[in-house]
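Heads up, this note's numbering is the position in the sequence shown plus 3, with the first residue counted as 1. One structure below.
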Amino acid sequence: MKDNELALRIVQDHEKLDRTFSDLETTFIHIMEAGQGAEERDALEDARADLAFALEEMLEHFGIEEEAIFDHLRVALPDLAPRLDALEANHESFCAHTATLRKMVAAANAGAVPLDCEDALRILRKLKGALIHHNSAEVQLFLEALGRLDDEGQRLLRENLDRL
Ligand SMILES: [Fe+2]
Ligand SMILES: [Fe+2]
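Here's what the structure looks like:
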């Protein structure tokens with residue numbers, strides 16, 4: 004696979020998460036406008052399902068990146084370590100924010116506390132913006148690494164990027 008094809012594939016994989024968060028944004032706006040009742044309950048259920056999917060996707064995607072790719076790059080190209088550490092810190096923050104949203108939606112679903120839509124949207128929009136920034140920094144780093152690794156290192160990186 005050529006570098007531009009590989010970059011496109013990673014971008015497309017990242018877009019899956021971007022889309023889920025965009026759907027969630029629409030759902031939160033819907034909940035805000037729906038008022039109480041069946042419409043709100045349906046929208047909360049949509050939000051619950053989207054958040055469960057997002058968290059699952061993130062754990063799988065980030066897990067492969069951290070264990071199969073970042074660890075290997077830290078050894079092969081040690082100067083990349085600070086950038087890899089920053090990307091890893093982003094992963095933790097994305098998961099933490101998604102978990103916060105999940106708790107808020109779960110509490111609303113259980114009828115315990117109504118969903119604070121403005122707060123949920125604020126967290127979500129911050130997360131969406133940070134994710135776009137993260138994804139572009141990550142693709143840039145992967146391409147840079149591909150240009151610097153030896154043949155075996157490149158083969159390994161391509162193989163693992165293909166798992167994303
Ligand atoms: Fe990442
Ligand atoms: Fe990624």
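We treat Cβ as the ideally placed atom computed from N, Cα and C, and that holds for glycine.
- Note that the C-beta distance between H94 and L130 is not below 8 Å.
- Annotation: the continuous alpha helix (DSSP H) that includes L9 extends over D6 to A37.
- Assignment of A115 by DSSP, reduced to helix, strand and coil, places it in the coil class.
- Judged by beta-carbon spacing, D53 lies beyond the 8 Å limit of L134, meaning their Cβ atoms are not closer than that value.
- Under a 10 Å Cβ-count criterion, V108 is classified as buried, with 16 or more other Cβ atoms of the shown protein chains found around its own Cβ.
- The C-beta of H136 has fewer than 16 other C-beta atoms within 10 Å across all chains shown, which makes the residue exposed.
- Residue burial is scored here from C-beta neighbours: E141 has at least 16 other C-beta atoms within 10 angstroms and is therefore classed as buried.
- Judged by the Cβ position, F31 fails to qualify as a neighbour of ligand 1 at the 7 Å threshold, every heavy atom of the ligand being at least this far.
- Of all alpha-carbon atoms in K106, E121, A123 and D122, the one lying nearest the alpha-carbon of A115 is that of K106.
- Cα atoms of P81 and L104: separation of roughly 35 Å, rounded to the nearest angstrom.
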